[in-house]
Amino acid sequence: MAYRGNNQQRDNNRGGGGNFNRGGRGRGRGEQHGNSSPRNYNESPRNNYNDGPRNFNDGGQRNFNGSSPRNNFQDGGNRGGYRGGYDRGRGGGGDAGYRGRGGPRLPAKPHVLTGEGAIFPVHVEPGRKAYRYDVSMDFKAQKFDGGTITTSLTKEKRDTRMRDLCYRVLSIVMRDTDDFGVKSIQIAYDNQNTLYSSQPFTPVSYIVTKDQLSTNLQSFLKGNGEITVEITPNQEMEYVDISDLTQYSSGDIVLDEDQTVRQVLEIILSQGALNSEEYQVVGNGQLYRLQEKPIGRGLCTRYGTQKGIRIVEVDDPVNAPAKKICAGLIVDFKCSPFYSVGRSLYEKVEDFVNADHRNPSVWEDATKYFSGVRVCPAYDRHRVLTVKSFDNKCLDQITITLDDGEVISLPDFFRTKKRCRLEHPHTQAVNMHGDKGQFPMELLIILPNQRVSLEKVTPYLRDQVHRLNAVPPQERYENILNEVHNMNFNSVVAKAFGIHVSLEPFEKASELKFERPPKPTIIAGGGVSIYPNEDGRFDLGRNRYFLPCTILRWAIIYSNECDPQLVKEFHDTFKNFAQSRGITFKENANQMLFDSRNASFNDWLNKFKMFKENEATFVILIDSKSNQHSHNTLKLMESVTKILTQHVTLEVAKKVVEQRQTQTLGNILHKINVKNGGINYKVQFNTAERLDINKGEVLVFGYDVAHPTGVSPEERKENLDKGHVSETRDPSVVGITANVLSDPSAFIGDFFFQPTCQERVDKNELRIYIKQFLTRLKKNRTKMPGIIVVLRDGVSEGQFKMTYLEELPAIRQGFVDFDPNYKPKFVFVICTKRHHKRFFEGSKGEFANPQAGSFVENKFTRPDCIEFYMQCHKAIKGTAKFVQVSVVLNEPDVSKKELFNFLHSLSYGHQIVCSPVSLPTPIYQADELAARGFEVYHSVKQHMPHAIKWDNGEIKYYELSTLLNYSDSELGNRRFNA
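The structure is reproduced here in structure tokens:
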């Protein structure tokens, strides 16, 4: 193993339940993967690609860590609307320079096509009940003085080993009490404190001795003693009628949904998979196969499912015109990274370090990777510790003082006190969270079932996991069906509760139809009409921009790696191409050398102060993509000095000059025109006349929240123990956009900071920014819109109530603050990809991704509000994920079809790509703005930490927002992050 030096500096990142049989038969952990179909999940990684999730963790919250791999930001062809970074291009605009004018519209494909969705009907016999019981298990260990120490085994958030122990204890109780004295009873148990039974039984009080457990389970309990088990009826809810769905039939939106029926159905349906001894519950109810597949450096992958119960409205198969409310089981296939188990932490760290021993920052990478992992000492397996870091000192350099005052080395302590002779005393000690001491790696064992955040792993390993998840639609469809059949949803447990799951998708009950509204017309300069093809792509050809910008005073700074002649030729090529699009330049750029790789922060600041004094409005930086730090610093300069910037890598500049790549240059130009106040093209709302934003009668707001990442539960606890209100000291960021410029088709926005990991947007800040947008709107236009559409991104169904009762009133109050007499009508729409529903186009087992512009409205939707699913963009790689659209307020009574066409057209308005993006443009831009906020915040932490003001351990968020955002500057009317 390579050893870490003391002076190395880390480089910035580049880049429950069980089978309760009378005999108490143990649940094995066999290695059989259990795939019942010819497709083998254990084969080598499939050669496919990432399906473009908005966040690296595929369905989680949208998180940003402040630094990301730097690529050729402006390179790439017409790849649709995939996000490529903060200010770094988005896969190309599909504009190859001088390639035609779009041509006539091709004949449209049929507007309705069939397919299937991965959701399965759940039938429950009327009146069937699940009886709820509370389970308490306490281990009472004997003390030397005759007393006892009581430890609860069923308290919340125990690790999976304790959940296995609870399962085994309950199986012993069932065996010894003859199934609680009730014949043919079946139970579903969460392996903690809640149990549901198919029949009622009398309370149980029982004692299980430690010697009744296996040797492995005994090691989880310290000392001699016994386990007291108490099972009693729940006092608040004796039973749950799992067939009762009446709360969903009122016709009004259910903001106060009682999710008990859904939760109980999920627990019961999980029991069959757990009883099969092939799956384990990990985290919040997700089921993973037990078998691990190593992929290197102490990391493995495990196949599992994301599943859930949803109450939906479907066609009634008996009464065709009518609708029926029923439960549906949603299932999606996934592959997740885990810390591999089976060897000591020393061996895991050795594998990690030796795999990249030439990297001078390998130990810093190892600290990031293993920080937060839970371990137990091999000599004391009941104890759970959490790794914090690797110490700068080796074990034999560390001494401790015993109670009697004797000072001994750490290896001697473990030899004499723990009877463990160390084989590797010259390796680093491990520091634990909570100041619990220092430990040898070789005596620590990684606990099972711990997932790994992809932000902790190397880009290579991250790409492997992405490839395993980004399977083509046909393969994903087959994987889902294989899992559904293998998980035994129709187990004896489910049957005992009167539950039956149809093991074919809903297509067998009634056909799934895709609606395809006509694609919108695109208008370029001179009023030229351009028609997107069936994939949604369009080409601006040689046309001028719809509204070309004017650039006054500008500059190009370039690094030492750049040939000045190359920079001059880039300037001339860029300017000529821009002028062909209609852009006006008042003067040539001031070209000057600037050592961006070695410049200090003060050098950067002085350079931009000079630009400010000379009234420059726009600066281009050209340097090598190998310079990993210049981009973030450039954007910090923009944020502080309010001078627009564009980063062009040297490699891209060479392609433009030497290879005459006009498509690459076109991508850069799209961004620059929009940043400087231009509009590249305008989208027509042909089929959404009442919601046509071009008429100026509809005001659209889009907003979203992004949270910091990489904070372990232990770090959160330590921050809270220190008196900090937040789990981490880094803020969350809100991005917000609106169409308040003189041209109502153009969206601008800004970001602001708020307390960390708070999904609810700060009401006071939201109110302030709404008023600011309205004030800007009044300055830019003479007429105020009569309809307000609010698009909220990224919240789950459980948060609908929060947005409706807290955020929407704050938005309304912003209108009152602006003008109490201005009373437009509101539409409040939640758009999210935080769901697990998958839709496939095709039939008879042959499936592909639905075409761009596909909508699902006739199935899988909530019965209590307008809801549908849309996929406006073309999925290039992997399986498409639809956006779930839920309307929680509809004062102007717009129809579902109007919303279809409105959101469909909005998805075409990104301006930088010549194709629709995966979300409506206002919230797509809001996400990008939140990302920009994180980017500049982390740069401030690095270069200007004194500028972050604090008050009692909390950041002064308003002051931070005022420092870094753009609302109060001359750039407030610009889309600065294009």
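Using our numbering, the first residue of the sequence shown is number 217, and each one after it goes up by one.
The C-beta atom is built at its ideal place from N, Cα and C for all residues, glycine as well.
Sheet register partners of residue i (DSSP bridge)
{"i": "Trp579", "result": "Answer is none; Trp579 lacks a bridge partner."}
{"i": "Ile662", "result": "Val591"}
{"i": "Phe1084", "result": "Val1101"}
{"i": "Lys356", "result": "Thr366 and Glu442"}
C-beta contact flag for residue i and residue j at 8 Å
{"i": "Gly544", "j": "Val338", "result": "yes"}
{"i": "Phe1071", "j": "Gly333", "result": "no"}
{"i": "Val547", "j": "Thr517", "result": "no"}
{"i": "Pro1040", "j": "Ile1003", "result": "yes"}
{"i": "Phe730", "j": "Gly1058", "result": "no"}
{"i": "Lys371", "j": "Glu442", "result": "no"}
{"i": "Ser1155", "j": "Asn848", "result": "yes"}
{"i": "Pro593", "j": "Leu659", "result": "yes"}
{"i": "Leu881", "j": "Phe790", "result": "yes"}
{"i": "Arg945", "j": "Ile739", "result": "no"}
{"i": "Tyr1085", "j": "Lys1113", "result": "no"}
{"i": "Val351", "j": "Asn409", "result": "yes"}
{"i": "Val1011", "j": "Thr1048", "result": "yes"}
Residues of its chain near residue i, where Cβ-Cβ distance is below 8 Å and the 5 sequence neighbours each way are ignored
{"i": "Ala710", "result": "Ile484, Leu485, Gln487, Gly488, His716 and Val717"}
{"i": "Gly319", "result": "Any reading at Gly319 must be qualified, since the residue scores a pLDDT of 47, below 50, and its modelled position is unreliable; the value itself is stated next. So the qualifying residues of the chain are Tyr747."}
{"i": "Arg1190", "result": "Leu860, Lys891, Asn892, Gly893, Ile964 and Tyr1182"}
{"i": "Glu981", "result": "Val950, Phe968, Gln970, Tyr1173, Tyr1174 and Ser1177"}
{"i": "Leu471", "result": "Phe1016, Lys1017, Tyr1020, Leu1021 and Val1104"}
{"i": "Ser1195", "result": "Because the chain is modelled from 217 through 1194, residue 1195 falls outside the range shown and cannot be assessed."}
{"i": "Ser252", "result": "Reliability of the predicted coordinates at Ser252 is poor, the pLDDT of 37 falling under 50, and the value obtained from them is presented with this limitation in mind. Closer than 8 Å at the Cβ level, and outside the excluded window around Ser252, lie Asn698, His701 and Asn702."}
{"i": "Val385", "result": "Met353, Leu369, Val424, Leu429, Ile443 and Val445"}
{"i": "Met648", "result": "Leu601, Thr602, Val603, Lys604, Gln654 and Phe655"}
Terminal residues of the alpha helix (DSSP H) in which residue i lies
{"i": "Gly1149", "result": "Thr1137 to His1159"}
{"i": "Val197", "result": "Within the shown structure, residues of the chain are numbered from 217 to 1194, placing residue 197 beyond reach of any answer."}
{"i": "Asn570", "result": "Leu561 to Asn570"}
{"i": "Gly1030", "result": "Leu1024 to Phe1034"}
{"i": "Thr903", "result": "No alpha helix (DSSP H) contains Thr903, which DSSP labels as neither H nor E."}
{"i": "Asp819", "result": "Phe817 to Glu829"}
{"i": "Gly488", "result": "Thr476 to Asn491"}
{"i": "Arg631", "result": "Leu626 to Lys633"}
Residues near residue i by beta carbon distance below 6 Å, same chain, minus five either side
{"i": "Leu1138", "result": "Note on identity: in this sequence residue 1138 is Pro, with Leu being the wrong assignment. If we look at Pro1138 and ignore the five residues flanking it on each side, its Cβ neighbours are Val916, Gly918, Thr953, Phe963 and Leu1007."}
{"i": "Phe1118", "result": "Ala904 and Leu907"}
{"i": "Phe655", "result": "Val646"}
{"i": "Ala1068", "result": "Asp751, Gly752, His1089 and Lys1090"}
{"i": "Ser1185", "result": "Lys858"}
{"i": "Val498", "result": "Tyr504 and Asn665"}
Proximity winner among the options, relative to residue i (alpha-carbon distances)
{"i": "Leu381", "options": "His1154, Trp1166, Met353 and Val1133", "result": "Met353"}
{"i": "Val708", "options": "Asn818, Ser414 and Leu626", "result": "Ser414"}
{"i": "Asp1080", "options": "Tyr422, Tyr504 and Val530", "result": "Val530"}
{"i": "Tyr693", "options": "Lys399, Gln654, Thr1095 and Lys735", "result": "Thr1095"}
{"i": "Lys851", "options": "Val835, Lys841, Ser840 and Leu866", "result": "Val835"}
{"i": "Arg732", "options": "Gln875, Tyr1153, Ser1134 and His1120", "result": "His1120"}
{"i": "Gly397", "options": "Glu831, Arg344 and Pro419", "result": "Pro419"}
{"i": "Glu1023", "options": "Arg983, Arg997 and Val1043", "result": "Arg983"}
{"i": "Val914", "options": "Leu993, Gln844 and Lys841", "result": "Leu993"}
{"i": "Thr674", "options": "Glu867, Lys584 and Lys1097", "result": "Lys584"}
{"i": "Ile401", "options": "Thr410, Asn409, Met390 and Asn407", "result": "Met390"}
{"i": "Asp596", "options": "Gly621, His640, Ile661 and Thr800", "result": "Ile661"}
{"i": "Phe762", "options": "Ser745, His1051 and Thr425", "result": "Ser745"}
{"i": "Thr448", "options": "Tyr347, Phe1034 and Arg513", "result": "Tyr347"}
{"i": "Phe630", "options": "Arg526, Thr643, Val668 and Leu611", "result": "Leu611"}
{"i": "Met1000", "options": "Glu975, Leu957, Pro1025 and Asp978", "result": "Leu957"}
{"i": "Gly1169", "options": "Ile767, Asp1109, Thr972 and Gly1125", "result": "Thr972"}
{"i": "Asn685", "options": "Val600, Asn822, Gln358 and Pro553", "result": "Pro553"}
{"i": "Glu1062", "options": "Tyr412, Val864, Gln1087 and Gln690", "result": "Gln690"}
First and last residue of the uninterrupted beta strand (DSSP E) at residue i
{"i": "Arg1059", "result": "Note that residue 1059 corresponds to Ser in the displayed sequence, not to Arg. Taken as a continuous stretch (DSSP letters only), the beta strand (DSSP E) holding Ser1059 covers Phe1055 to Ser1059."}
{"i": "Leu677", "result": "It is not in any beta strand (DSSP E) - Leu677 instead sits in the alpha helix (DSSP H) that spans Pro675 to Asn685."}
{"i": "His923", "result": "Val914 to Pro924"}
Close Cβ partners of residue i (< 7 Å) along its chain, the five nearest in sequence each way excluded
{"i": "Arg315", "result": "Bear in mind that a pLDDT of 36 at Arg315, under 50, signals an unreliable position, so the number given afterwards is only what the model happens to contain. For Arg315, where only same-chain residues beyond five positions count, the Cβ hits under 7 Å are Asp755 and Gly757."}
{"i": "Leu1179", "result": "Ala1163"}
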